[in-house]
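To convert, note that position 190 of the sequence shown is 235 in our numbering; the numbers rise steadily by one, no gaps. We put the beta carbon where it would ideally sit given N, CA and C, even for glycine. Here the structure is a predicted model, which is why all the values come from computation and not from measurement. Comments concern the structure below.
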Amino acid sequence: MHRTNLKGFWEGFAAVCSIGLLLTIHGCGGGSTSTPSGPQIQSHIKHVVVIFQENRTPDNLFHGLPGADIANSVLDSSGNMVTLEPVSLVTDYDLRHGHADFVAMYDGGKMDGADEVAVGCPEGATDCPPRNPHFRYVNPQEVQPYFQMAEQYTFADRMFQTNQGPSYPAHQFLISGTSAPSPGSDLFAAENPDYPKDSVKIAGCAGPPGETVVMIDPTGDESTHQFPCFEHATLPDLLDSHGISWRYYTPGAGSIWTGPNSIQHLRFGPDWQKVIIPQTTVLTDIANGQLAQVTWVIPSGQSSDHAGVNDGSGPSWVASVVNAIGNSQYWSDTAILIAWDDWGGWPDHVAPQILNSYEYGFRVPLIVVSPYAKRGYVSRVTHDFGSLLKFTEATFNLPSLGYADSLADDLSDCFDFTQSPTPFQPFAAKFDANHFLNDRRVALDPDD
Numbered sequence: 046m047h048r049t050n051l052k053g054f055w056e057g058f059a060a061v062c063s064i065g066l067l068l069t070i071h072g073c074g075g076g077s078t079s080t081p082s083g084p085q086i087q088s089h090i091k092h093v094v095v096i097f098q099e100n101r102t103p104d105n106l107f108h109g110l111p112g113a114d115i116a117n118s119v120l121d122s123s124g125n126m127v128t129l130e131p132v133s134l135v136t137d138y139d140l141r142h143g144h145a146d147f148v149a150m151y152d153g154g155k156m157d158g159a160d161e162v163a164v165g166c167p168e169g170a171t172d173c174p175p176r177n178p179h180f181r182y183v184n185p186q187e188v189q190p191y192f193q194m195a196e197q198y199t200f201a202d203r204m205f206q207t208n209q210g211p212s213y214p215a216h217q218f219l220i221s222g223t224s225a226p227s228p229g230s231d232l233f234a235a236e237n238p239d240y241p242k243d244s245v246k247i248a249g250c251a252g253p254p255g256e257t258v259v260m261i262d263p264t265g266d267e268s269t270h271q272f273p274c275f276e277h278a279t280l281p282d283l284l285d286s287h288g289i290s291w292r293y294y295t296p297g298a299g300s301i302w303t304g305p306n307s308i309q310h311l312r313f314g315p316d317w318q319k320v321i322i323p324q325t326t327v328l329t330d331i332a333n334g335q336l337a338q339v340t341w342v343i344p345s346g347q348s349s350d351h352a353g354v355n356d357g358s359g360p361s362w363v364a365s366v367v368n369a370i371g372n373s374q375y376w377s378d379t380a381i382l383i384a385w386d387d388w389g390g391w392p393d394h395v396a397p398q399i400l401n402s403y404e405y406g407f408r409v410p411l412i413v414v415s416p417y418a419k420r421g422y423v424s425r426v427t428h429d430f431g432s433l434l435k436f437t438e439a440t441f442n443l444p445s446l447g448y449a450d451s452l453a454d455d456l457s458d459c460f461d462f463t464q465s466p467t468p469f470q471p472f473a474a475k476f477d478a479n480h481f482l483n484d485r486r487v488a489l490d491p492d493d
């Protein structure tokens, strides 16, 4: 199903809920109001927390996870089966992961183009890149908190990023199920923004004049560029219209990882007060009994798992947030959804279903942590970022936005609401919450 099939829906939306009224809409999202599992979810889950990490695939980050579909080797562009080798979570190189890199790696479904992806090394680096830099998996000893969560609760090994590109459009899909510029558009924002020479790198509506983002059309053409400030309904709008509280924790207002900064009415309206900087505030808000009903948690570059940027603290950061919730009043009715925003150029062996010129992208990990998450369960149901939206819609009996959420499942196979709630056991990690609360370093904000 291509998004242009939703044009009529969005024209109707625009007629009834004009842009000027987006902040006061009620039931203008279209689609069904809930899924069959909605009543069960609503009676047990009162808080949804989405933790969005960066740039990994299941084959790269969860090598050896019991029961999961994880490959030990993948094809290269010459048709050779290459065995994956271990590498640290912290690397001095990064792999390119734009739309062209998706096309090269996907290679018509053969999934043999990982070595066609360019490698980036910092200036002055020695022995960079290493041998076979693409064909690597993270040493499991460095990411034990992730493994512990995945083994104790639910891990999804058919979770795909919705878009076939990098972080900026992925974070637009996270809050609204699309990177379209407006209702009814048949374009997607496909890449990260381009900035004028010597300008400040602020992504989105508050960005410098001359900033543009590449748009992809239904044929796959990427010749159109426009200023990255969009206007359409988002999940925050549905939450507002139904009196559901939300907050979006992020290290910086101008980051490509801060989705609301590219939606005009969110960036320049009263909802911008719900974008909380710095991201570590989520830890004190949980401790102070101030967790919103829906929460997005975005990491700093140091804690992001992003190759070439992170300092290895990502698993501890995620564990700190999960432990804070687990040890609080909120554990009994919270669902924590931990996902990664794109594949980061790393190899994966499972080909995605192609819906149109930009949906779906490659597999990314998903961990579901909740007292009602199935224990030790590996989900083989196809999920994508739209599933995070649809689960939230089902939890709070919201209408559909009509984008990726309308096609997605609602994660219901990841939960068992008949089981006895799982008591919380804290996850051991190298760093605790105090490490992040007391970290005075400037948050790194990579541009990919």
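Quick one, which of the options has its alpha-carbon nearest residue i's?
| i | options | result |
| --- | --- | --- |
| F272 | T264, V258, D266, A278 | V258 |
| S307 | L283, Y294, T279 | T279 |
| N368 | P190, F407, T264 | P190 |
| Y375 | P466, L400, W302, V423 | P466 |
| D356 | G109, L129, K319, S133 | S133 |
| K242 | E256, E236, G249, C250 | E256 |
| A235 | N105, G389, Q398, Q209 | Q209 |
| K419 | V148, K435, L433, A195 | A195 |
| Q338 | V93, Y151, P84 | V93 |
| I331 | P323, T171, G371, G299 | G371 |
| P468 | Q85, D114, N401, Q197 | Q197 |
| S300 | D393, A215, D160 | A215 |
| A298 | P323, D282, H310 | P323 |
| G406 | T463, G431, G124 | G431 |
| P178 | F436, G249, R141 | R141 |
| P454 | D429, Q309, V183, T128 | The sequence as given places Asp at residue 454; Pro does not occur at that position. Minimum Cα distance to D454 is reached at D429. |
| A163 | E404, G390, Y417, N483 | G390 |
| D393 | G143, I86, K155 | K155 |
| L456 | E438, P305, S402, L129 | E438 |
| F180 | P131, T223, Q85 | P131 |
| D114 | P238, V426, P360, N483 | V426 |
| I343 | I383, Q309, S377 | I383 |
| G143 | N401, D104, I261 | I261 |
| T303 | G359, S358, D157, F218 | F218 |
| A116 | N479, A478, V395 | V395 |
| L400 | K435, T207, Q87, D157 | T207 |
| D386 | N100, I86, K435 | N100 |
| L452 | D461, P175, Q398 | Q398 |
| D157 | G124, E187, P175 | G124 |
| E187 | S230, C173, D172, L106 | L106 |
Could you check how far apart the C-beta atoms of residue i and residue j are, in whole angstroms? I think they sit under 8 Å.
| i | j | result |
| --- | --- | --- |
| G277 | S221 | Here the sequence assigns His to residue 277, which means Gly is not the residue at that position. Yes, they are in contact, since the Cβ atoms of H277 and S221 sit about 7 Å apart, within 8 Å. |
| C459 | T199 | 4 Å |
| I90 | A380 | 5 Å |
| P254 | I247 | That pair is no contact at about 11 Å. |
| Q98 | S349 | 6 Å |
| F147 | L328 | About 35 Å; that fails the 8 Å criterion. |
| D152 | L129 | Going by Cβ atoms, the distance from D152 to L129 rounds to 18 Å, so no, they are not a contact pair. |
| P281 | L232 | Actually they are not in contact, since the Cβ atoms of P281 and L232 sit about 22 Å apart, beyond 8 Å. |
Leaving out five residues before and five after residue i in sequence, what residues of the same chain have Cβ atoms less than 7 Å from its Cβ?
| i | result |
| --- | --- |
| M126 | S118, L120 |
| L489 | S345, G346, Q347, V354 |
| G112 | V423 |
| P185 | H108, G109, F192 |
| H287 | F441, L443 |
| E161 | S122, A149, M150 |
| S77 | Annotation note: pLDDT 36 at S77 (below 50); position unreliable, coordinate value reported separately. Excluding residues within five positions, the ones whose Cβ falls inside 7 Å are S445. |
| C274 | G249, C250, S307, Q309 |
| S63 | Caution applies to S63, whose pLDDT of 37 falls short of 50 and renders its modelled position unreliable; the value that the coordinates give is listed next. Same-chain partners within the cutoff: there are none. |
Just list the residues that DSSP pairs residue i with in beta bridges.
| i | result |
| --- | --- |
| Q98 | W385 |
| P178 | Bridge partners of P178: none, in fact. |
| F200 | I412, V423 |
| T379 | H92 |
| Y138 | Answer is none; Y138 lacks a bridge partner. |
| W341 | V95, Y293 |
| M260 | A234, T269 |
| L120 | M126 |
Could you tell me whether any Cβ in chain C is nearer than 8 Å to the Cβ of residue i?
| i | result |
| --- | --- |
| L434 | Among the protein chains of the structure shown there is no chain C, as only one such chain exists. |
Please go through the same chain and pick out, in chain order, the residues whose beta-carbon is closer than 6 Å to the beta-carbon of residue i, but skip the five residues on each side of it.
| i | result |
| --- | --- |
| R486 | none |
| S415 | A380 |
| H71 | The predicted model places H71 with a pLDDT of 30, which falls under 50 and marks its position as unreliable, so this point remains unresolved. |
Kindly examine the ligand FAD and report whether one of its heavy atoms sits closer than 7 Å to the Cβ of residue i.
| i | result |
| --- | --- |
| L283 | Among the components of this structure there are no ligands whatsoever, and the ligand FAD is therefore not found. |
Leaving out the 5 sequence neighbours to the left and right, which residues in its chain are closer than 8 Å to residue i when beta-carbon positions are compared?
| i | result |
| --- | --- |
| L66 | Reliability fails at L66, whose pLDDT of 35 lies under 50, so the model's placement of it is uncertain and the value that follows must be treated cautiously. Same-chain partners within the cutoff: there are none. |
| H270 | D239, T257, V258, V259, M260 |
Given 8 Å as the limit, is there contact between the stretch 408–425 and the stretch 189–203, that is, 3 or more CB pairs closer than that? yes
Does the pairing of the stretch 463–477 with the stretch 363–377 give three or more beta-carbon distances under 8 Å? yes
Between the stretch 445–456 and the stretch 293–300, are three or more C-beta pairs nearer than 8 Å? no
Within the chosen definition, does the stretch 308–321 reach the stretch 259–267 through at least 3 CB pairs nearer than 8 Å? no
Three Cβ pairs or more, each shorter than 8 Å: is that satisfied between the stretch 154–173 and the stretch 132–146? yes
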